[in-house]
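Residues 84 to 793 in the working numbering are what the sequence shown spells out, letter by letter.
From the three backbone atoms N, C-alpha and C, an ideal C-beta is built for every residue, glycine too.
Please read all numbers here as calculations on a predicted model, not as lab measurements.
Following: one structure in structure tokens, then a few remarks.
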Amino acid sequence: MNRRQCMAKSISLRRVVEPTELASYFPQILSLSKKEANPLGFIPSGGMKTAIFNRRLLALADDATGCLAGYIFFGGVYPSAKIFQIAVEPAFRRLGVGSSLIELLVSHLEQFSYRSLVADIRDDLEGALTFYRSNGFTQVSSHEGGATRGRSILTHVKDLDTDDLFSVYEKRDFLVSQIHGLASRGDAKFSLDINVYFDLAKRRDYATQAEELIRSALAGIVQVAVADEFVRELRKNAKPNRTDPVLNMALCLPKLPRVNRDDLARLQSSLHDLVFAELCEPTQQSWSDCAHLAHAALARSTAFVTRDSTLLKASPIVLREIGLEIVSPQELFALLPSELQDHSERQSGQGFRALQANPPIAREFLEDLGGRNRLYDPISALLSIENSIVRSIEVNHRIEAIGVVSISEELGARPEMAVACRPESPDRRLYVDYLIDSLLRDASRHAPSTVLLQRIPGQSVVNEVARARGFIRSSNDVFEKSAIGRPVYPSNWSSIASDLQTRTGIRLPKQCPLERERNVTIAVRDASKEFSLPVLETLLGPTLIWWTSRQAVIVPIEKQWAEQLLGVRANLPFDFIEDRDASFRSLRGYVSSPRNELKMAAGSLIFFYESKRGGGCGAIVAAAKIISSTVAKKGAVGDEDSAHIVVDDLDNFSSTEEVLLTKFDSVFTMQSHVSLDALRHMGAADGANLTCSPDCYHSEVESRSFMIDV
84 MNRRQCMAKS
94 ISLRRVVEPT
104 ELASYFPQIL
114 SLSKKEANPL
124 GFIPSGGMKT
134 AIFNRRLLAL
144 ADDATGCLAG
154 YIFFGGVYPS
164 AKIFQIAVEP
174 AFRRLGVGSS
184 LIELLVSHLE
194 QFSYRSLVAD
204 IRDDLEGALT
214 FYRSNGFTQV
224 SSHEGGATRG
234 RSILTHVKDL
244 DTDDLFSVYE
254 KRDFLVSQIH
264 GLASRGDAKF
274 SLDINVYFDL
284 AKRRDYATQA
294 EELIRSALAG
304 IVQVAVADEF
314 VRELRKNAKP
324 NRTDPVLNMA
334 LCLPKLPRVN
344 RDDLARLQSS
354 LHDLVFAELC
364 EPTQQSWSDC
374 AHLAHAALAR
384 STAFVTRDST
394 LLKASPIVLR
404 EIGLEIVSPQ
414 ELFALLPSEL
424 QDHSERQSGQ
434 GFRALQANPP
444 IAREFLEDLG
454 GRNRLYDPIS
464 ALLSIENSIV
474 RSIEVNHRIE
484 AIGVVSISEE
494 LGARPEMAVA
504 CRPESPDRRL
514 YVDYLIDSLL
524 RDASRHAPST
534 VLLQRIPGQS
544 VVNEVARARG
554 FIRSSNDVFE
564 KSAIGRPVYP
574 SNWSSIASDL
584 QTRTGIRLPK
594 QCPLERERNV
604 TIAVRDASKE
614 FSLPVLETLL
624 GPTLIWWTSR
634 QAVIVPIEKQ
644 WAEQLLGVRA
654 NLPFDFIEDR
664 DASFRSLRGY
674 VSSPRNELKM
684 AAGSLIFFYE
694 SKRGGGCGAI
704 VAAAKIISST
714 VAKKGAVGDE
724 DSAHIVVDDL
734 DNFSSTEEVL
744 LTKFDSVFTM
754 QSHVSLDALR
764 HMGAADGANL
774 TCSPDCYHSE
784 VESRSFMIDV
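What follows is the structure, given as structure tokens:
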């Protein structure tokens with residue numbers, strides 16, 4: 084059975100929140116409560132019926148069959164709510180129902196301005212602890228409890244996205260946004276220190292924490308990789324002429340992409356000055372530690388995971404100066420809850436439709452969402468504006484999410500957008516990411532813009548994804564983001580700089596810096612700051628900036644994959660989107676031979692050449708930015724990575740046991756395809772060279788001018 088056949092089918096869940104409807108499910112709820120001897124939390128002694136009529140119990144049902152999927156029983160006193168029990172019917176487990184119940188409750192509580200959600204979990208319920216932590220709960224205390232002597236109760240808290248009089252909101256403008264919080268950091272990929280590996284391999288005191296991290300990696304929940312220094316340290320300490328199982332197992336761990344040695348040495352030295360400032364001369368260990376950190380930073384790891392107290396203490400300054408977070412294994416799940424949800428819950432995308440909707444249908448969807456009075460007025464107001472663009476996601480003929488953007492033709496008017504989804508939907512994050520990306524491109528399609536996004540209480544997934552995409556809270560009710568919306572290269576720099584200043588107030592240098600500079604100074608109002616071009620690209624995305632020294636690579640892709648992965652030649656902008664999650668994602672994946680690893684460097688531009696095989700046009704059809712490249716065993720490509728690609732049989736892409744998986748975002752398709760003659764001017768001598776991903780030459784400005792047709 085191939086991977087396509089193994090994908091789970093999508094389910095559509097319906098919320099059951101009204102007491103009268105919940106009462107009809109009471110026999111099933113009571114039966115499930117009694118069956119659950121070891122649920123994701125404590126089983127209360129009774130009071131289910133009272134909870135229903137006090138609106139302290141919410142449930143989800145299968146929309147197709149009407150069967151109960153699960154329920155969540157909660158209580159508490161404002162401003163804190165407390166989960167007493169979550170229970171899921173066996174037939175609906177491993178489908179994201181538990182996480183959907185949490186999200187449903189969070190949405191409900193945020194509408195009524197609750198500040199936090201509490202869960203007490205026994206320390207022996209490992210599955211429950213993993214579940215709650217993966218859904219954003221953080222342990223805050225522990226105390227003795229339970230019927231068994233020696234058992235502890237671990238109290239976990241999830242902060243809700245709610246404002247009140249005690250909220251402290253630091254207004255950060257465009258210039259002081261932190262790059263590590265933006266979407267260009269890509270998917271969560273963690274670099275491991277050798278001490279974390281030894282915790283597991285040698286069963287040391289912290290083995291449980293290391294085990295949890297490695298188990299999550301094997302399950303595809305997170306990605307882990309090791310630096311070249313990791314392998315060098317192990318080889319140096321290995322026993323000669325003897326089989327070393329610890330070393331052999333370590334050699335099977337994924338490796339960080341190779342990086343330039345000179346860049347590595349320079350950053351290693353800079354890091355040593357930051358982290359070990361008290362040392363007059365580097366020690367062997369301190370120099371090795373900085374080699375780990377430098378490789379992780381250059382490979383754009385999300386974080387470096389270690390138990391070394393010196394490195395952990397230096398985390399704030401390394402994050403500020405280098406952009407790399409240093410975390411302990413126990414901090415990992417609390418820091419990135421949205422990235423660490425159980426990806427076995429992700430659905431394949433079969434049956435998804437992305438459509439252009441009309442306002443009346445969108446209003447019906449908002450009414451179906453319910454919520455407190457006038458909650459969705461900001462969205463209704465946008466739906467009432469003439470020429471607004473409305474997009475929707477439909478599953479099994481039911482709308483799961485909508486997005487709307489209003490674009491005024493008046494100069495200086497800022498586009499406004501809003502997104503709402505069913506919080507109980509297992510694929511809610513996928514839908515929201517797709518809609519925000521699409522609407523942001525709609526808003527900046529014709530000119531750079533500062534786009535406003537309405538913040539709706541109870542839509543915490545929308546708010547999370549917006550922050551990850553670079554939106555900043557400008558008021559209690561609104562996020563905003565400035566976007567160029569098109570690629571930038573030397574010949575269009577002046578016009579884009581002029582449009583950007585006119586429409587957003589952001590001033591770029593009038594003279595194009597792309598031929599000689601890697602840093603530019605930009606100004607907003609009375610403030611100015613210097614940014615590197617990669618950071619500028621992130622802050623003003625979606626865009627691609629092609630400066631002279633930027634590496635770029637051309638890769639081949641067949642017509643069918645170009646249509647599914649890149650959206651080339653869609654009959655309608657939001658026509659039926661095949662059956663792959665990759666088509667919905669802002670972050671997508673390209674599979675090729677491991678021999679291309681050095682050319683697929685993070686931060687490079689990637690141009691997709693559609694080969695003539697299978698009826699292709701024999702031209703470049705799209706451009707994007709590489710986020711990461713990882714060499715992986717074919718059998719180790721799990722569900723998480725598979726969700727970003729559109730191929731079934733990895734054997735077609737490499738004759739060895741490994742493949743190179745390259746993640747990319749910021750996709751722009753070409754309005755006019757770039758012919759083979761144009762490719763020759765960029766350094767691709769002939770079509771055959773495209774099978775080995777040739778570099779693009781950067782010396783000629785003309786070689787970048789074709790991007791005017793993107």
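Contact between the region 515-527 and the region 555-563 is not established, with fewer than three Cβ pairs separated by less than 8 angstroms. Residue range 688-693 is occupied by the beta strand (DSSP E) that includes GLU693, with no alpha helix (DSSP H) assigned at that position.
When DSSP reads this structure, LYS338 sits in a beta bridge with VAL309. For MET500 and PRO540, the gap between their C-alpha atoms comes out near 15 angstroms. In chain order, VAL638, ILE640, ALA645, LEU649, ILE703, VAL704, ALA705 place their CB closer than 7 angstroms to the CB of PHE691, counting only its own chain and leaving out the 5 sequence neighbours on each side. Non-local beta-carbon contacts of GLU598 in its own chain, meaning distances under 7 angstroms to residues more than five positions away in sequence, involve PRO573, THR631 in chain order. Runs of the alpha helix (DSSP H) lying entirely within the region 156-198, each at least 4 residues long, are 180-194 in chain order. By the Cβ-count criterion, GLU316 is buried, with 16 or more other Cβ atoms from all chains shown falling within 10 Å of its own Cβ.
One Cα belongs to MET753, the other to LEU627, and the distance between them is close to 13 angstroms.
With a threshold of 16 other beta carbon atoms within 10 Å, ASN218 meets it and is buried.
Counting along the chain, GLU104 sits inside no beta strand (DSSP E); it lies in the alpha helix (DSSP H) bounded by residues 102-107.
Contact annotation: GLU477 and LEU438 have beta-carbon atoms nearer than 8 angstroms. For PRO442, the enclosing alpha helix (DSSP H) starts and ends at 442-452.
Residue nearest to PRO625 within the set ARG552, LEU334, SER694, LYS682 is ARG552 (criterion: CA-CA distance). Each of SER116, VAL757, ILE689, ILE710 was checked against the Cα of CYS700, and the nearest Cα belongs to VAL757. In the structure shown, PRO570 adopts coil according to DSSP, grouped into three states. In chain order, LEU362, PRO365, SER369, TRP370, CYS373 place their CB closer than 8 angstroms to the CB of HIS355, counting only its own chain and leaving out the 5 sequence neighbours on each side. Excluding its 5 nearest sequence neighbours in each direction, ASP391 has C-beta neighbours in its own chain below 8 angstroms: ASP276, ASN278, ASP372, listed in chain order. Between ARG497 and THR533 a beta carbon distance of about 5 angstroms is seen, short of the 8 angstroms cut, so the two are scored as contacting. Residue pairing for CYS504: DSSP places it in a beta bridge opposite ALA484.
LEU376 and LEU407 do touch by the CB rule: their CB atoms are close to 7 angstroms apart, below 8 angstroms. Under the DSSP assignment, ASN602 falls in the beta strand (DSSP E) whose first and last residues are 602-607. The Cβ atoms of SER183 and LEU243 do not sit closer than 8 angstroms to each other.
Restricting attention to ILE185, PHE157, GLY149, the CA atom closest to the CA of ARG138 is found in PHE157. VAL180 is not a Cβ neighbour of GLY149, given a cutoff of 8 angstroms. Counting only the Cα atoms, ILE485 lies some 38 angstroms from VAL388.
Annotated three-state conformation of PHE220 is coil, per DSSP.
Note that the C-beta distance between LEU743 and SER676 is below 8 angstroms.
DSSP, read as helix, strand or coil, puts ILE135 in helix.
Cα atoms of LYS642 and VAL674: separation of roughly 15 angstroms, rounded to the nearest angstrom. The beta carbon of ARG569 is closer than 6 angstroms to none in its chain, skipping five residues each way along the sequence. DSSP places THR587 in the uninterrupted alpha helix (DSSP H) bounded by 576-587. DSSP, read as helix, strand or coil, puts THR533 in strand. Collapsing the DSSP output to three states places ALA386 in a strand. Looking at GLU547, LYS708, ARG511, the one whose alpha-carbon comes closest to that of VAL571 is LYS708. Excluding the 5 residues flanking it on each side, SER611 has same chain C-beta neighbours closer than 6 angstroms at THR604, in chain order.
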